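*Asks:* The structure follows.
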Amino acid sequence: MNIGLVYKSLTEKDFTVLRAIEEYSSKYEYVPLELIEKRTRIIEEHLTLILNKLNKLKLVKRETIAGYKSYRLTYLGYDMLALNSLVRKNVLEALGDKIGVGKESEIYVGLAPGGVRVAVKFLRIGRTSFRRTEILRSWVQEPHTSWYRQARIAAEREFKALKELSLLKALVPAPFGHDRHVVVTEYVEGVELYRRPSLENPEEVFWRTIDTLRLAYQEVGIVHSDLSEYNILVRIDDQTPFIIDWPQYVYKEHPSSIELLRRDVEYLVKFFNKVYRVNVQIDDALKKILGS
17 MNIGLVYKSL TEKDFTVLRA IEEYSSKYEY VPLELIEKRT RIIEEHLTLI LNKLNKLKLV
77 KRETIAGYKS YRLTYLGYDM LALNSLVRKN VLEALGDKIG VGKESEIYVG LAPGGVRVAV
137 KFLRIGRTSF RRTEILRSWV QEPHTSWYRQ ARIAAEREFK ALKELSLLKA LVPAPFGHDR
197 HVVVTEYVEG VELYRRPSLE NPEEVFWRTI DTLRLAYQEV GIVHSDLSEY NILVRIDDQT
257 PFIIDWPQYV YKEHPSSIEL LRRDVEYLVK FFNKVYRVNV QIDDALKKIL GS
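If you're matching positions, the sequence shown starts at 17 in the working numbering and goes up one per residue.
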């Protein structure tokens, strides 16, 4: 289903209903129809037509609970709310094709005001294993945190990390804005490192990547903690390496930060040594990052 086309099919009343369901979602898994009617002040007959449309578009899911028609948002419904807010904030004007899929995200190309090409990342935390994400993510503090909240926290964290790193001229996509579970960033015309692009000077690419990790650790005080060849993007025109996917970072004060940093570096060193036949050492890279 084309997200952009779905978005264009929605009216302001459709968004009013979606926002009402979102508002009650902290208290109800499925929101009763009467509460949606009370919140939107749309008469039941008209409201039912809107909800039927939203259900058909897969923006909400309908259930009958204890004899009452009730509704909850789907990820696609949450997408629509985020896009609507980004448009209202003048961060985003248009959404194009999907250009990437990660374990917990989908990336689309978009246009910001002025015709600027951007990447639009939808965080999908908890989509495949809600229980496992709760166990693994130390930044999910509350017990049984909803997928809404998990995805929203992930987007907030990613935006914060990118903003702080960009101010230091670190090699990360510059952030344009975020809302709910969506982050809008600079579009980098590049290829993922795992695809093994031909590099004129692979050792230079390696050390430039390490320098971004150094800035992250020494200046921002964070460790990526999930780094591999899958979240390094090499820009096509000048082979500049950009580190992407930051929501799972940990602070340097975290008891496992050094262990996680070493793991990041080990993945990187092994990949460059094996694929590009360079001869870089884990300890040398760690010393560069730690400043020791």
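Every residue gets a Cβ at the ideal spot worked out from N, C-alpha and C, and that includes glycine. Since the model is a prediction, treat every value here as computed from it, not as a measurement.
Can you have a look at Asp113 and say buried or exposed, based on whether 16 or more other CB atoms are within 10 angstroms of its CB?
*Replies:* For the purposes of this step, residue 113 is identified with residue 97 of the sequence shown, where counting begins at 1. When all chains shown are included, Asp113 counts as exposed.
*Asks:* As an exercise, report each continuous alpha helix (DSSP H) stretch of at least 4 residues that is fully enclosed by the segment 77 to 127, in chain order.
*Replies:* 91 to 104
*Asks:* Tell me, to the nearest whole angstrom, how far the beta carbon of Ile52 is from that of Tyr94; I am working on the premise that it is less than 8 angstroms.
*Replies:* Reading the sequence shown from its first residue, position 36 is the one you call residue 52. Reading the sequence shown from its first residue, position 78 is the one you call residue 94. Ile52 to Tyr94, Cβ: 16 angstroms. No contact.
*Asks:* Would you mind stating whether Leu92 and Leu67 have Cβ atoms separated by less than 7 angstroms?
*Replies:* In the sequence shown, counting from the first residue as 1, residue 92 sits at position 76. In the sequence shown, counting from the first residue as 1, residue 67 sits at position 51. It is not a contact, given that the beta carbons lie outside the stated cut-off.
*Asks:* Mind checking which residues open and close the alpha helix (DSSP H) that includes Thr256?
*Replies:* Taking the sequence shown and counting its residues from 1, the one referred to as residue 256 is at position 240. Segment: none, Thr256 is in no alpha helix (DSSP H) and carries neither H nor E.
*Asks:* Mind checking Asn100: buried by the 16 CB within 10 Å criterion, or exposed?
*Replies:* Taking the first residue of the sequence shown as 1, we reach residue 100 at position 84. By the 10 Å Cβ count, Asn100 comes out buried.
*Asks:* Here's a check: name, in chain order, each residue in its chain whose Cβ is nearer than 8 angstroms to the Cβ of Glu282, leaving out the five neighbours to either side.
*Replies:* For the purposes of this step, residue 282 is taken as the residue at position 266 of the sequence shown. Closer than 8 angstroms at Cβ, skipping near neighbours: Ile298.
*Asks:* Would the segment 124 to 143 count as touching the segment 202 to 210 if we require 3 or more Cβ pairs under 8 angstroms?
*Replies:* yes
*Asks:* Helix, strand or coil for Ile248? Go by DSSP, reduced to three states.
*Replies:* To locate residue 248, count along the sequence shown from 1; it is residue 232. Strand at Ile248.
*Asks:* Is it true that the CB of Leu34 sits closer than 7 angstroms to the CB of Leu97?
*Replies:* Within the sequence shown, residue 97 is the residue found at index 81, counting from 1. Within the sequence shown, residue 34 is the residue found at index 18, counting from 1. Contact: yes.
*Asks:* Is Arg224 helix, strand or coil when you go by DSSP?
*Replies:* Numbered from its first residue, the sequence shown carries residue 224 at position 208. Looking at Arg224 - three-state DSSP - the assignment turns out to be helix.
*Asks:* Rounded to whole angstroms, how far is the Cβ of Leu111 from the Cβ of Gly20, which I believe are closer than 8 angstroms?
*Replies:* Indexing the sequence shown from 1 puts residue 111 at position 95. Indexing the sequence shown from 1 puts residue 20 at position 4. The Cβ separation is near 4 angstroms, so the contact holds.
*Asks:* Spell out a yes or no on whether the segment 211 to 226 and the segment 170 to 177 are touching, meaning 3 or more CB-CB pairs, one atom from each, closer than 8 angstroms.
*Replies:* no
*Asks:* What residue range does the alpha helix (DSSP H) around Ala301 cover?
*Replies:* For this step, residue 301 is matched to residue 285 along the sequence shown. First-last of the alpha helix (DSSP H) with Ala301: Ile298 to Leu306.
*Asks:* Which same chain residues end up closer than 7 angstroms to Gln234 when comparing Cβ atoms and leaving out the 5 residues on each side of it in sequence?
*Replies:* For the purposes of this step, residue 234 is taken as residue 218 along the sequence shown, with counting starting at 1. Contacts found: Gly307.
*Asks:* Run through the DSSP bridge pairs and tell me what Val285 is partnered with.
*Replies:* The residue you call residue 285 lines up with position 269 of the sequence shown. The partner list for Val285 (beta bridge, DSSP) is empty, contrary to what the question assumes.
*Asks:* Is His62 helix, strand or coil by DSSP?
*Replies:* Locating residue 62 in the sequence shown gives position 46, where the first residue counts as 1. In this structure, His62 counts as helix in the three-state DSSP scheme.
*Asks:* Determine the extent of the beta strand (DSSP E) in which Thr201 is found, giving its start and end residues.
*Replies:* As a working note, residue 201 is residue 185 in the sequence shown. That run of the beta strand (DSSP E) goes Val198 to Glu202.
*Asks:* Please state whether DSSP places Pro191 in a helix, a strand or coil.
*Replies:* Translated into positions along the sequence shown, residue 191 becomes position 175. Note: Pro191 maps to strand in three-state DSSP.
*Asks:* Between the C-alpha atoms of Ile252 and Val199, what's the straight-line distance to the nearest angstrom?
*Replies:* Taking the first residue of the sequence shown as 1, we reach residue 252 at position 236. Taking the first residue of the sequence shown as 1, we reach residue 199 at position 183. Going from the Cα of Ile252 to the Cα of Val199 covers about 23 angstroms.
*Asks:* Using CA coordinates, which residue listed in Val188, Asp300, Ser25 and Ala82 is at the minimum distance from Leu73?
*Replies:* Within the sequence shown, numbered from 1, the residue matching residue 73 stands at position 57. Closest by alpha carbon: Ser25.
*Asks:* On the DSSP letters alone, give me the boundaries of the beta strand (DSSP E) that Lys137 sits inside.
*Replies:* Your numbering for residue 137 matches position 121 in the sequence shown. Per DSSP, Lys137 belongs to the beta strand (DSSP E) from Val132 to Leu139.
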